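Trainee: Going down the list, the protein sequences come from chains A and B.
Read left to right, the first sequence gives residues 1351 to 1509 (the working numbering).
Read left to right, the second sequence gives residues 948 to 1695 (the working numbering).
We put the beta carbon where it would ideally sit given N, CA and C, even for glycine.
Computed from a prediction, not measured in an experiment: that's the story for all the values here.
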Amino acid sequence: MATLRLRVNGETHTLEDVDGSTPLLWVLRDELGLVGAKYGCGISQCGACTVHVDGAPVRSCSLPVAAATGAITTIEGLADAQGELTPVQQAWVDLDVAQCGYCQSGQIMAATALLRNNPRPTDADIDAAMGPNICRCGTYIRIRAAVKAAAANLRESRT
Amino acid sequence: MSTLSYAGIGETVLAVNGELPATAQGVASVAKVDRREFLKLTGLAGGGLLLAFSLPRAAASGGPFAPNGYLRIDETGVTLYAKNPEIGQGVKTSLPMIVAEELDVAWRDVKVVQAAVDRRRYGMQFAGGSTAIPMNWEPLRRAGATGRAMLVAAAASKLAVPAEELATLDSHVVHEASGRKLAYTEIAALAATMPVPDGKSLRLKPRADWKLLGTRVTGVDNEALVRGEPLFGIDQTMPGMKHAVYAKCPAIGGTVKSANLDAIKAMPGVVDAFALEGNGNAGQLLPGVAVVAESTWAAIRAKRALEVDWDETDAGKDSWRAAEAEAERLAGESGRPVVNQGDVDAAFSAADKRIDAFYKYHFVSHAQLEPQNCTARFHDGALELWAPTQTPGSAINDAAGVLGISPAKVTLNQTRCGGGFGRRLYNDFVCEAAAIAQRAGVPVKLLWTREDDMAFDLYRAGGFHRFEGALDSDGRVSGWRDHFITFTNDGRRPVGGGSLGPGVFPAGLVANVRCEQTALPWQHRCAAWRAPGSNVFGFVVGSFLDELAAAAGRDPLEVLLEVLGEPRLLRPGNPRSLNTGRAAGVVKLAAEQAGWGRKLPKGRGLGLAFYFSHAGHIAEVADVSVSADRKVAVHKVTVAADVGPIVNLSGAENQVEGSVVDGLSTMLGLSVTFENGRAEQSNFDQYPLLRIPATPQVAVHFVDSDHSPTGLGEPALPPLAPAVCNAIFAATGHRVRTLPISMEGYSA
Ligand code: FES
Ligand code: FES
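1. Assuming B:L1393 contacts B:L1359 under a Cβ cut-off of 8 Å, what Cβ separation, rounded to an integer in Å, is found between them?
2. Of all the CB atoms in chain B, is at least one closer than 7 Å to the CB of A:A1352?
3. Please confirm whether B:I1639 has its beta-carbon closer than 7 Å to some beta-carbon of chain A.
4. Does DSSP put A:A1501 in a helix, a strand or coil?
5. Where do the ends of the alpha helix (DSSP H) carrying B:V1579 lie?
6. How many Å lie between B:P1503 and B:H1681 at the Cα?
7. Spell out whether any CB of chain B is found under 7 Å from the CB atom of A:Q1439.
8. Closer than 6 Å between the C-beta and any heavy atom of ligand 2: which residues qualify, listed along the chain?
9. Determine the burial state of B:A1575: buried for a count of at least 16 other Cβ atoms within 10 Å of its Cβ, exposed for fewer.
10. Expressed to the nearest angstrom, what Euclidean distance is found between the alpha-carbon atoms of B:A1047 and B:G1091?
11. Can you find the residues in the same chain that come closer than 7 Å, C-beta to C-beta, to B:N1287, ignoring five residues on each side of it along the sequence?
12. Can you tell me where the beta strand (DSSP E) holding A:E1366 begins and where it ends?
13. Does the beta-carbon of A:R1409, which I'm using as the reference point, lie nearer than 6 Å to any heavy atom of ligand 1?
14. Report yes if the C-beta of A:A1398 is less than 6 Å from at least one heavy atom of ligand 1; otherwise report no.
15. With burial defined as no fewer than 16 other Cβ atoms inside 10 Å of the residue's Cβ, what is the status of B:V1442: buried or exposed?
16. Can you tell me whether B:E1509 is helix, strand or coil according to DSSP?
17. Taking the alpha helix (DSSP H) that A:A1460 belongs to, which residues open and close that run?
18. Where does B:V1060 land, buried or exposed, given buried means 16+ other C-beta within 10 angstroms?
19. Kindly examine ligand 1 and report whether one of its heavy atoms sits closer than 6 Å to the Cβ of B:G1616.
20. Quick one: grab the DSSP three-state call for B:T1527.
21. Is it buried or exposed for B:M1185, if we count other Cβ within 10 angstroms and need 16 for buried?
22. For B:A971, I'd like the list of residues in its chain whose CB is within less than 7 Å of its CB, leaving aside the five on either flank, ordered along the chain.
23. If we ignore side chains and look at the alpha-carbon of each, how far apart do B:D1209 and A:E1434 end up?
24. Quick test of your reading: B:A1191 and B:A1246, contact by CB under 8 Å. State the CB separation rounded to the nearest angstrom.
25. For B:F1368, does the three-state DSSP call read helix, strand or coil?
26. Consult DSSP for A:V1401 and reduce its assignment to one of helix, strand or coil.
27. What residues of chain B sit near A:Q1395, judged by a beta carbon separation below 8 Å?
28. Note down, one range per segment and in chain order, each beta strand (DSSP E) of at least 3 residues found wholly within the region 1310 to 1392 of chain B.
29. Classify B:I1639 as helix, strand or coil using the three-state DSSP reduction.
30. Can you name the start and end residues of the beta strand (DSSP E) that B:R1515 belongs to?
31. Confirm, please, whether the CB-CB distance from B:A1249 to B:V1236 is below 7 Å.
32. Tell me the DSSP secondary structure of B:C1462 in three-state form.
33. Verify the CB distance criterion: does B:D1609 have a CB-CB separation below 7 Å to chain A?
34. Helix, strand or coil, according to DSSP, for B:Y1017 in the structure here?
35. So what does DSSP say about B:D1421, is it helix, strand or coil?
36. Please check if any C-beta of chain B sits within less than 7 Å of the C-beta of A:Q1449.
Written out as structure tokens, the structure is:
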């Protein structure tokens, strides 16, 4: 049991008496009330729990909280201070991607990380970046379309 | 009173999910039961919906305008209530759209709220059998039209003009002659004092006037979803809540002999640990050990450290290998007759060619992405639940039964469900949460781990079919035999989704048909899985028909159209039965759109299949490449569907795309095998759901028809597997007779 400092969505949280081996996912959900990241498998197979650590997508179900020393971003931290959605989130709404929606937080985090480094992803890039994320409802066709739509919007807003 | 109605729901769901045949007449008779039951429950028969639902209080106070349970308008805006559980099938958006169309409210002005569970007000509330649209279509249209009529009456009185001079548009009543218009929000209070119009005088919009229905509307929860808001069952929390897990014997029927409870209770974060006996009903509460902890992780860790000595004297010994051997042995014998039409023996003796084939498919799991969970608070003899369930009414009754309290003492809050696929028709997880909350004396959120979910699913049962087909000298299908080896949980009836009905394809289409079945005992419970029955029967009959066409040396398209025959309703007078004209229509449309008959390179082929389920007529053509080492690439699936008018085009296309992906995912590589009474797969590393790289293109074509609309959550799934397997045959000449096809060496 230790005291840990966790930087999440720009805020620093001090957590007393936390077992450092606790997966980051459960600290986010149970201790910080950030339930956007989901539990699907607990073994890095489905991607429902995807968050960013220093901008890179990680499976928070399998990352011990003690190892989460970087800046963490969850889906709750994507929209700006005024609540404006990011182009990725907006594309997900515009294209009506979700069915049950349970996987979509993880999908959006994976897509956001992809587009940060790659403004013009090919289908193969999308396969590689989104491959770790399962959608049991089978919304992959729209996920691909939304990634492309968001990429186009991002490129436009940067020019 | 409520017992009766909820029993009704239970029966309906069972019926929808397998006790009745999956084809034409099964669905038709379900629809009949539903309709009758629904009318009885809601008093709808005489168009009296709104009288039954009207709230006299509103009229008396001139307060918010809420003439029925589906809409509420006050000076601040318009709220529509979504009655049924949202499991990803889109009803939280599509059902309110039906109200909005008739109410003539602008969709952007609408706020949609999940309705409370209230049988008196809403009748049956459940997600199953693709029934939400057909069951609610008329009532919701009438609910909206009633609202509009009362708003018009209010405007007429306020403007002192005859109601006939008024029109409605985008949340306003408009008096064109004088150029005046009134917002619904302005006249809501006055509308609440207007008499509720007689159901018979209500005029519903002709289809030509629809503005919202048939358009693409994004899901009402989408913005909250992309922000990560707490919509799901697993996201619920309350003050003082603890986290619970529940360990059960992996072989069904095992009981708790002893467990290291003291050691568990001493673990950090653990609040309590105790054994529960179960209530003797495997569908409700199995015996097990509960751990209650301060956090989810403390609970999961404790469960891993838990050592339970199970008494397996009476536990099941389910074995897939043994079942397979037994089925192969039984296949040549005869079973209980289900269909016997014409003179099958004569057809076979007169046949020019006889074809014999043995098909099998494995058990599969629902694997809905949100594992089972339920939050429960038991206080002062009353139970409050937050549950992602497809059958809230049954959940209330089951939980009340387990706790020994009246259902009137149970409140259930509907949460969004992270997938359902039929798993959440069954409320074992709700019963467990209720029992643990009662015993622990604190509110708990029970979470099943993925491993729990896969070990205690109500599986889609495996099965075996021995087919024989007869072809006459013209190459026509003249005889058909199927001996189906299925499973039974209770030793009497086949499991849900594991029973051929009298209407199974091609009964009623081919002159001489005999289907028989035999059920093997099985302990792990099996039940509805998306398009129950149809999801496997579609595969075997669609594949075997293709085999017969190949044996006759004929084009499968031609043979399928010949079997469908002249346009007719298979059950005259029942509009929800197979309509061979609509069937032929989608078959031709899919074939045409996919370029049926075009020349393809070696190793590439098109496969066609049609299946009718849930009153939906759907044909699919798969375009597939197969490499020498049996790597399969599904390039494109062309779907033609006739389900009547489309409510939400975006949602409808999404359901079809999802059904194709689900069908492909399941047929390619998913199975749960059992040995020594235990499921052998426990998580997604052993249950490889399809991922984005293997996803095909999907082209969806809806037939624009005026038949009454039906649901799309299920019927686009059954034709997928036979279409792909028939394409593999077209590409390679190899006939696949096992699902998943990975069992025959194929991979994606
Ligand atoms: S829950 Fe983390 S990958 Fe599935
Ligand atoms: S939308 Fe349901 S799991 Fe992806």
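Mentor: The short version:
1. B:L1393 to B:L1359, Cβ: 14 Å. No contact.
2. Chain B contact via Cβ: absent.
3. Judged by the 7 Å Cβ criterion, B:I1639 is in contact with chain A.
4. Looking at A:A1501 - three-state DSSP - the assignment turns out to be helix.
5. Careful: B:V1579 lies outside any alpha helix (DSSP H), inside the beta strand (DSSP E) at 1579 to 1589.
6. Just so you know, the alpha carbons of B:P1503 and B:H1681 end up roughly 16 Å apart.
7. Residue-level contact by beta carbon holds for A:Q1439 and chain B, with a gap shorter than 7 Å.
8. Going by the Cβ distance cut-off, the answer is A:A1448, A:Q1449, A:C1450, A:G1451, A:Y1452, A:C1453, A:Q1454, A:C1485, A:R1486, A:C1487, A:T1489, B:G1035, B:L1316, B:G1366.
9. With fewer than 16 other CB atoms across the displayed protein chains lying within 10 angstroms of its CB, B:A1575 is exposed.
10. Rounded to the nearest angstrom, the two C-alpha atoms are 6 Å apart.
11. The answer, listed in chain order, is R1461.
12. In this chain, the beta strand (DSSP E) harbouring A:E1366 covers 1361 to 1368.
13. Flag set: Cβ of A:R1409 near ligand 1.
14. Flag set: Cβ of A:A1398 near ligand 1.
15. Result: buried.
16. If DSSP states are grouped into helix, strand and coil, B:E1509 belongs with the helices.
17. Here the alpha helix (DSSP H) through A:A1460 covers 1454 to 1467.
18. B:V1060 comes out exposed.
19. No - ligand 1 has no heavy atom lying nearer than 6 Å to the Cβ of B:G1616.
20. B:T1527 carries a helical assignment under DSSP once its states are collapsed to helix, strand and coil.
21. By the 16-neighbour rule on beta-carbons within 10 angstroms, B:M1185 is exposed.
22. No answer about B:A971 holds up, because its pLDDT of 28 lies below 50 and its placement is not dependable.
23. Going from the Cα of B:D1209 to the Cα of A:E1434 covers about 51 Å.
24. Right, the Cβ-Cβ distance comes to about 6 Å (below 8 Å), so this counts as a contact.
25. DSSP, reduced to helix, strand and coil, places B:F1368 outside both helices and strands of the structure shown, so it counts as coil.
26. Reduced to three states, the DSSP call for A:V1401 is strand.
27. Neighbours of A:Q1395 in chain B, taken as residues whose beta carbon is under 8 Å from its own, are N1630, F1631, D1632 in chain order.
28. Inside the region 1310 to 1392 of chain B, DSSP marks whole beta strand (DSSP E) runs of 3 or more residues at positions 1320 to 1326, 1329 to 1334, 1357 to 1361, from first to last along the chain.
29. It is helical.
30. Counting along the chain, B:R1515 falls outside any beta strand (DSSP E), and DSSP gives it neither H nor E.
31. Against a cut-off of 7 Å, the Cβ pair of B:A1249 and B:V1236 comes out as no contact.
32. In the three-state scheme derived from DSSP, where H, G and I count as helix and E and B as strand, B:C1462 is classed as strand.
33. Yes, its Cβ sits closer than 7 Å to a Cβ of chain A.
34. Coil.
35. Three-state result, B:D1421: coil.
36. Answer yes: the Cβ-Cβ gap between A:Q1449 and chain B drops below 7 Å somewhere.
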